[in-house]
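Using this note's numbering, the first residue of the sequence shown is number 74, and each one after it goes up by one.
All C-beta atoms, glycine included, are put in the ideal place defined by N, C-alpha and C.
Fair warning: this is a prediction, and the values are worked out from it, not measured in the lab.
Below is one structure, written out as structure tokens, with a few remarks after it.
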Amino acid sequence: MKDETPSVFVLGSFVMGFTIKTKCLPTIGETVIGSNFNLGIGGKGFNQAIAAKRAGANVNILVCTGNDEFGEIAKKTLLNEGISIDNLIALENESSGCGFVTLLTSGENTILIDPGANLKLDVAKVEAVKDAIIKSKILMAQLEIPINSVTYAFEIAKKNNLLTILNPAPAQKLPLALLKNIDILTPNETEAKIILGLDPDADIAIDLLAEKLLNTGVKTIILTRGKHGALIISNNDNKTIAAPKIDAVDSTGAGDCFNGNLVAALLQGKTVEEAVNIAVLAGAYCAQYLGVFDGLPSQKQLIEFKETVQYT
74 MKDETPSVFV LGSFVMGFTI KTKCLPTIGE TVIGSNFNLG IGGKGFNQAI
124 AAKRAGANVN ILVCTGNDEF GEIAKKTLLN EGISIDNLIA LENESSGCGF
174 VTLLTSGENT ILIDPGANLK LDVAKVEAVK DAIIKSKILM AQLEIPINSV
224 TYAFEIAKKN NLLTILNPAP AQKLPLALLK NIDILTPNET EAKIILGLDP
274 DADIAIDLLA EKLLNTGVKT IILTRGKHGA LIISNNDNKT IAAPKIDAVD
324 STGAGDCFNG NLVAALLQGK TVEEAVNIAV LAGAYCAQYL GVFDGLPSQK
374 QLIEFKETVQ YT
């Protein structure tokens, strides 16, 4: 019998992550000794899909990899997580995406990405999975794939009454054709500034940033703020969601974990506020782990974590 459980369709990205921990970032021409090398599976869309699956969601994903060793890892990982590989496209003469993470001992990081095959996720590939998108309840995407493909997919989604969620990372200016079809936007503060055409280091009050974001036409903005939790911004009200106190180890996948758990909670019928509370908790859980995959919790793990944490 066909599974009719409400699902999320993820426009995905796959990236193999190479992480090195360091006390300080190297300057130009400088070599710094690091430690704790980790080779991990990632890509924002890939992480978000698996986070949502572990949180109980029914997940479909469209993702491009190279026809290489890393692409095989992507296939095996999805299968192990119980996610279909029907829409995983292994491309000849393309390399799978790679990301290089410099992780500071504070838990903060910098990330450099070669998107590789992710850039080949074009409009034609979106059109080919149109029926699967339409049958879903939520469409979620990020910006490690071509923005015109995201724009086209969101147009399909809104014409068919799906809820649309965009995690605008890596950050860039968003075209009006995309903005008008976004129900929920989930930037961090730096990404929000870039979307608005501001300097990433611009000193701007959160309230003013929230007002400017609403003026883009997006219905709801969920501004993620790391250890400060999240801010839900809408025309009705702004609501701050606190984060639990933790000892952060690696924030690399925390945002992806947040987004995956957000969409899973919404699929389960939670309100936006309830879903953001769950997502903030999940992001905090993830930040306690080196690498991403070990930090993407199951529902049971998140419930157990909630019982142990304290809030500021």
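Looking at the secondary structure, which residues open and close the beta strand (DSSP E) in which residue i lies?
| i | result |
| --- | --- |
| Asp-187 | 182–187 |
| Val-202 | From DSSP, Val-202 is part of no beta strand (DSSP E); its letter is neither H nor E. |
| Asn-261 | Where Asn-261 is concerned, there is no enclosing beta strand (DSSP E), given that its DSSP letter is neither H nor E. |
| Gly-356 | Taken as a continuous stretch (DSSP letters only), Gly-356 belongs to no beta strand (DSSP E), being part of the alpha helix (DSSP H) at 345–359. |
| Leu-177 | 170–177 |
| Phe-82 | 80–84 |
| Ser-307 | 303–307 |
| Glu-314 | In the sequence on display, residue 314 carries Ile and not Glu. Counting along the chain, the beta strand (DSSP E) containing Ile-314 begins and ends at 311–314. |
Closest to residue i by CA distance: which of the options is it?
| i | options | result |
| --- | --- | --- |
| Thr-175 | Gly-144, Leu-375, Ala-278, Lys-94 | Lys-94 |
| Ser-324 | Pro-79, Tyr-362, Ala-315 | Tyr-362 |
| Ser-168 | Pro-241, Asp-187, Leu-152 | Asp-187 |
| Ala-315 | Ile-306, Leu-258, Tyr-384 | Tyr-384 |
| Ala-338 | Glu-217, Ala-128, Ser-86, Gly-118 | Ala-128 |
| Leu-375 | Pro-317, Leu-340, Thr-344 | Pro-317 |
| Ile-295 | Ala-321, Ala-244, Glu-262 | Glu-262 |
| Gly-326 | Gly-170, Phe-366, Gly-290 | Phe-366 |
| Leu-286 | Gly-299, Gly-302, Asp-256, Lys-300 | Asp-256 |
| Gly-116 | Gly-90, Asn-133, Lys-126, Ile-134 | Gly-90 |
| Asn-120 | Gln-372, Gly-368, Thr-92 | Gly-368 |
| Thr-386 | Leu-151, Asn-131, Leu-282, Leu-161 | Outside the shown range of the chain, which is 74 to 385, sits residue 386, and nothing can be said about it. |
| Val-450 | Ala-130, Lys-96, Gly-113 | Because the chain in this structure spans residues 74 to 385, residue 450 falls outside the shown range and cannot be described. |
| Lys-373 | Ile-351, Thr-150, Leu-271 | Ile-351 |
| Leu-249 | Pro-260, Gly-118, Val-202, Leu-269 | Leu-269 |
| Ser-157 | Asn-240, Ala-348, Val-83, Gly-180 | Val-83 |
| Ala-190 | Glu-264, Asn-182, Ser-86, Glu-347 | Ser-86 |
Answer with buried or exposed for residue i, where buried requires no fewer than 16 other C-beta atoms within 10 angstroms of its C-beta.
| i | result |
| --- | --- |
| Lys-198 | buried |
| Pro-370 | buried |
| Ile-206 | buried |
| Lys-75 | Its pLDDT being 48, under 50, Lys-75 is placed unreliably in this model, and the coordinates cannot settle the point. |
| Thr-344 | exposed |
| Val-382 | exposed |
| Asp-329 | buried |
| Lys-292 | exposed |
| Ala-275 | exposed |
| Asn-254 | buried |
| Ser-209 | buried |
| Thr-92 | buried |
| Thr-297 | buried |
| Ile-123 | buried |
| Leu-151 | buried |
| Cys-359 | buried |
Would the beta-carbon of residue i be found less than 7 Å away from any heavy atom of the ligand MN?
| i | result |
| --- | --- |
| Gln-383 | No copy of the ligand MN appears in this structure; indeed no ligand is present at all. |
Could you give the residue range of the alpha helix (DSSP H) that holds residue i?
| i | result |
| --- | --- |
| Lys-193 | No alpha helix (DSSP H) contains Lys-193, which DSSP labels as neither H nor E. |
| Phe-331 | 327–340 |
| Phe-378 | 372–379 |
In chain order, each alpha helix (DSSP H) run of at least 4 residues that lies wholly inside the stretch 213–255:
220–232, 249–252
Every unbroken alpha helix (DSSP H) within the stretch 269–296, with a cutoff of 4 residues, ordered by chain:
279–287
Within 8 Å, do at least three Cβ pairs link the stretch 219–230 to the stretch 160–167?
no
Segment contact, 8 Å Cβ cut-off, at least three pairs: the stretch 93–111 with the stretch 224–243:
no
Would you call the stretch 329–336 and the stretch 344–363 in contact, with 3 or more CB pairs under 8 Å?
yes
Please give the ranges of any alpha helix (DSSP H) in the stretch 86–167, keeping only runs that are unbroken, at least 4 residues long and fully inside the region.
117–127, 142–154
Pairs of beta-carbons, one from the stretch 291–309 and one from the stretch 201–217, closer than 8 Å: are there three or more?
no
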